[in-house]
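Shown next, in C-alpha cells, is the structure this report addresses.
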Amino acid sequence: MADHKLPPQNGSPRSDQTQLRVGRLNKAHGLKGAIKVELYTDEPEKRFVPGAVFTLQVPTASKWHGKTLELTELRWYNGHAVGFFKGVDDRTEAETLIKAILWVTQDPRELPDEADAWYDHQLVGLDALRDGVKVGIVARVDHLPAQDLLAIKTDNGEVLVPFVSAIVPEVDLAAGTLTLTPPTGLFEEVPDDDPEPEAGAPGTRETTE
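Number 124 in the UniProt record's numbering belongs to position 124 of the sequence shown; there are no gaps in the numbering.
Structure, rendered in C-alpha cells:
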C-alpha cells in the first residue's frame, strides 16, 4: 500500500494508534479554494471522504501549524485529484496550504481492504528470510511509479527488493517475517564468467613503463 507511516510534526497519536501520511497539497486550482492533491494512498475513496479530518505537517511559521483540515469534497479533473476544504474559500487561502502534508489517524492493527496488501508500517521491522535464514530487516518501503521496493537492511548494507509476489511470496505479520526468493546476484556478488587471466599467463602481454 502507498500509505506512509512517518513521525508526525504536529502532535502525537495515542499510544494505540499510528499516523499515516496520505497526501500532499500541491497547487491551487481555480478561484474557489480548491487544491490539487498528490495522493500517497491506494484508497482515496476511503481516506478522502466528505468530513475526513487531516492533521497537517507544515512549517512552524505557517498559520496552519498545529491545526487540522476538514475535507468537504474530492473531485477529479483530467485524472488529477482536487480537494475542497472547510474554511478554504478562495485561491488566496488555498495558497497558504501549498506543500502541506496530510495525515490521518489509524489503528495499527487494521488491514487494508485489498487482499494481499499491507500498510508500510506493518512491513517495516519484519525479518526478511531467505531459505529460512534471516538475511536482514525491512527498513522502509519505497513507492516508485513502476513498482514498490522493500529496502532490506543487511550486514553488508541496504538491498532494494522489488515487492512482487515472485520475489516476496509470503508476508506473515503474526510471525513478524516475510519470505524472499530473490534472483541470483541481488544479495550476493556474482563472479565473472571469464575471470581476468593472471599476469604472465599464455595469451597475455605484459607491459612496462
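Where a beta carbon is used, it is the ideal one built from N, C-alpha and C, also for glycine. Just so we're clear, the structure is a prediction, and the values are computed from it rather than from any experiment.
Integer Cβ distance of Gly23 from Glu43, believed to fall under 8 angstroms: Position 23 of the sequence shown, counted from the start, is the residue given in the question as residue 23. Position 43 of the sequence shown, counted from the start, is the residue given in the question as residue 43. Contact flag wrong, Cβ pair sits at about 11 angstroms.
As assigned by DSSP and simplified to three states, the class of Lys86: To locate residue 86, count along the sequence shown from 1; it is residue 86. Coil, per DSSP.
Cutoff 6 angstroms; reference Gln9; Cβ partners in own chain excluding five residues on either side: Along the sequence shown, read from residue 1 onward, the residue named residue 9 stands at position 9. With a pLDDT of only 39 at Gln9, under the threshold of 50, the placement of this residue in the model should not be trusted; the figure read from the coordinates follows. Once the five neighbours on either side are set aside, the close Cβ partners of Gln9 are Gln57.
With 16 other Cβ atoms within 10 Å as the buried cut-off, status of Ile101: Along the sequence shown, one-based indexing puts residue 101 at 101. Buried, because 16 or more other Cβ atoms sit within 10 Å of the Cβ of Ile101.
Between the CA atoms of Ala34 and His65 - distance to the nearest angstrom: Locating residue 65 in the sequence shown gives position 65, counting from the first residue. Locating residue 34 in the sequence shown gives position 34, counting from the first residue. One C-alpha to the other measures close to 20 angstroms.
Whole beta strand (DSSP E) elements within the UniProt domain "RimM N-terminal" (22 to 107), 3-residue minimum: 34 to 39, 53 to 57, 68 to 77, 80 to 85, 101 to 106
First and last residue of the uninterrupted alpha helix (DSSP H) at Leu173: Mapped onto the sequence shown, residue 173 falls at position 173. Run containing Leu173: none; DSSP gives neither H nor E here.
Assigned secondary structure, residue 217 (DSSP; H/G/I helix, E/B strand, else coil): This structure does not reach residue 217, given that the chain is present from 1 up to 209, and the question cannot be answered.
Asp90 beta carbon less than 8 angstroms from that of Leu31: In the sequence shown, the residue the question calls residue 31 occupies position 31. In the sequence shown, the residue the question calls residue 90 occupies position 90. Their beta carbons are under 8 angstroms apart, which means Leu31 touches Asp90 by this criterion.
Short Cβ contact (8 angstroms threshold) for Thr96 with Lys63: By one-based count along the sequence shown, residue 96 stands at place 96. By one-based count along the sequence shown, residue 63 stands at place 63. In this structure, Lys63 lies closer than 8 angstroms to Thr96 by Cβ.
Coil, strand or helix - Asp131 by DSSP: Position 131 of the sequence shown holds residue 131. Asp131 falls in the coil class under three-state DSSP.
Residue closest to Ile137, alpha-carbon to alpha-carbon, out of Glu70, Gly83, Asp155, Val88: For the purposes of this step, residue 137 is identified with residue 137 of the sequence shown, where counting begins at 1. Answer by Cα proximity: Asp155.
Residue nearest to Lys27 in terms of C-alpha spacing, selected from Thr92, Phe163, Asp120: On the sequence shown, residue 27 is found 27 positions in, with the first residue counted as 1. Of Thr92, Phe163, Asp120, the residue nearest in Cα terms is Thr92.
Rounded distance between the beta-carbons of Trp118 and Gln19, thought under 8 angstroms: As a working mapping, residue 19 is identified with position 19 in the sequence shown. As a working mapping, residue 118 is identified with position 118 in the sequence shown. Actually they are not in contact, since the Cβ atoms of Gln19 and Trp118 sit about 17 angstroms apart, beyond 8 angstroms.
Range of the contiguous beta strand (DSSP E) that encloses Ala166: Locating residue 166 in the sequence shown gives position 166, where the first residue counts as 1. Counting along the chain, Ala166 falls outside any beta strand (DSSP E), and DSSP gives it neither H nor E.
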